[in-house]
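J.: One structure coming up, written as structure tokens, with questions to follow.
Numbering (my numbering), first residue to last: -19 to 371.
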């Protein structure tokens, strides 16, 4: 089939699906056919306005769009698969405190600008060796508040996948909270993150309600890989498996990008959400101040590392601060530690990083399961023992 005919068929299949809540991901068998159809799509979308509803996903050679019917497309020889473009949500249990002004001690135990979780994992003790300098982190989330005084130094350019003409500004708060735990630097009155010299690139894939399509996540992964970022923070998840999402994460992994994801907040045992469940991802569970697995955190042997996730005090919208609980918050601690490691030892591969943080973790006692909580000082300190050939 000629690419031009396929694009015409695609336009017909989209008729009647405008504004639909559900979408589909159409994956091609190879890059050549995808490239040819992509070229035709670019040529034809001016004359066929409905085609502007298509989102190319180059990292997996796919299109995402709303289809009224898949019957015609399913028989096209160069189409590998058509899967439902599912929705997922950010991983936060709830806001557990009112807004608190900077400069005061929070119930979370924020002392001297360092929230309890960051102190608990011994990040300040590692700052003599590394503060995450020059490490670039993609936070796929609800965006970030570029006006927050604690984040101005660390926020760099990003992308708004919901509206590419706009900045990735946060209209929810979740992404701003994640960014603060990773890399805030509040000077005198604010807070400090785990890696206060790291650079954050906000990737707005989630709307104001904290919801996103899988295709938007894949688009965010694509953007991070193309912009040569070092780490991707994914504080979100879903119950259903997506082959398209796994392919995107696998391609990021092979490009050397380290992907960190939260395990979920249902308090279930022996199960975690996707994408944390995927082998190429560092899966994170949450702990409390007492070093116990948080009651809301999923727990499983598939979780690689745990980190503080209960009542985490961090940056919020309009220069404010909030306490949140969730495996999302735990994930941002782990991302920060990895930034410290990469700044100290550039070129570490994803599996090396996973191995180092697990081997140098703090062991917590729990019947039937080995719980490993991240330890920033040990993880960074272990890098000096690596030989030059270990990179």
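Built from N, CA and C at the ideal position, the CB exists for glycine as well.
(1) Taking the Cβ atom as the reference point for each residue, do residue 252 and residue 280 lie within a distance shorter than 7 angstroms?
(2) Quick check on residue 213: does DSSP put it in helix, strand or coil?
(3) Please say whether residue 317 and residue 354 have beta carbons closer to each other than 7 angstroms?
(4) Which residues share a DSSP beta bridge with residue 227?
(5) Could you tell me if residue 180 is buried or exposed, where buried requires 16 or more neighbouring beta carbons within 10 angstroms of its beta carbon?
(6) In the DSSP output, which residue or residues are listed as bridge partners for residue 265?
(7) Per DSSP, what are the beta-bridge partners of residue 273 in this structure?
(8) Should residue 411 be labelled buried (16 or more other beta-carbon atoms within 10 Å of its own) or exposed?
(9) Which residue from 27, 162 and 342 puts its Cα closest to that of residue 357?
(10) Which word fits residue 34, buried or exposed, when buried means at least 16 other C-beta atoms lie within 10 angstroms of its C-beta?
(11) Residue 13 by DSSP, collapsed to three states: which one?
(12) Using a Cβ-Cβ cut-off of 7 angstroms, state whether residue 175 counts as contacting chain C.
(13) According to DSSP, which residues form a beta bridge with residue 193?
(14) For residue -5, does the count of other Cβ atoms within 10 angstroms reach 16, so buried, or fall short, so exposed?
(15) Just to confirm my understanding: we take residue 67, look at its own chain, exclude 5 residues before and 5 after, and list those with CB closer than 8 angstroms. What are they?
(16) Taking the continuous alpha helix (DSSP H) assigned at residue 383, which residues delimit it?
(17) Using a Cβ-Cβ cutoff of less than 8 angstroms, which residues in the same chain neighbour residue 235 once the five nearest sequence positions on both sides are dropped?
(18) What's the gap between the Cα of residue 149 and the Cα of residue 182?
(19) In this structure, does DSSP put residue 28 in helix, strand or coil?
(20) Could you round the C-beta distance between residue 242 and residue 71 to whole angstroms and report it? I think they count as a contact, below 8 angstroms.
(21) Can you name, in chain order, every residue of its own chain whose Cβ lies under 6 angstroms from the Cβ of residue 32, other than the five neighbours on each side?
T.: According to the structure data:
(1) yes
(2) strand
(3) yes
(4) According to DSSP, residue 227 bridges with nothing at all.
(5) buried
(6) 286
(7) 267
(8) Residue 411 is absent from the model: the chain starts at -19 and stops at 371.
(9) 342
(10) buried
(11) helix
(12) The structure shown contains no chain C; it holds only a single protein chain.
(13) 67
(14) exposed
(15) 191, 192, 193, 194 and 218
(16) This structure gives no information on residue 383, because the portion of the chain shown stretches from -19 to 371.
(17) 205
(18) 8 angstroms
(19) coil
(20) 4 angstroms
(21) 25
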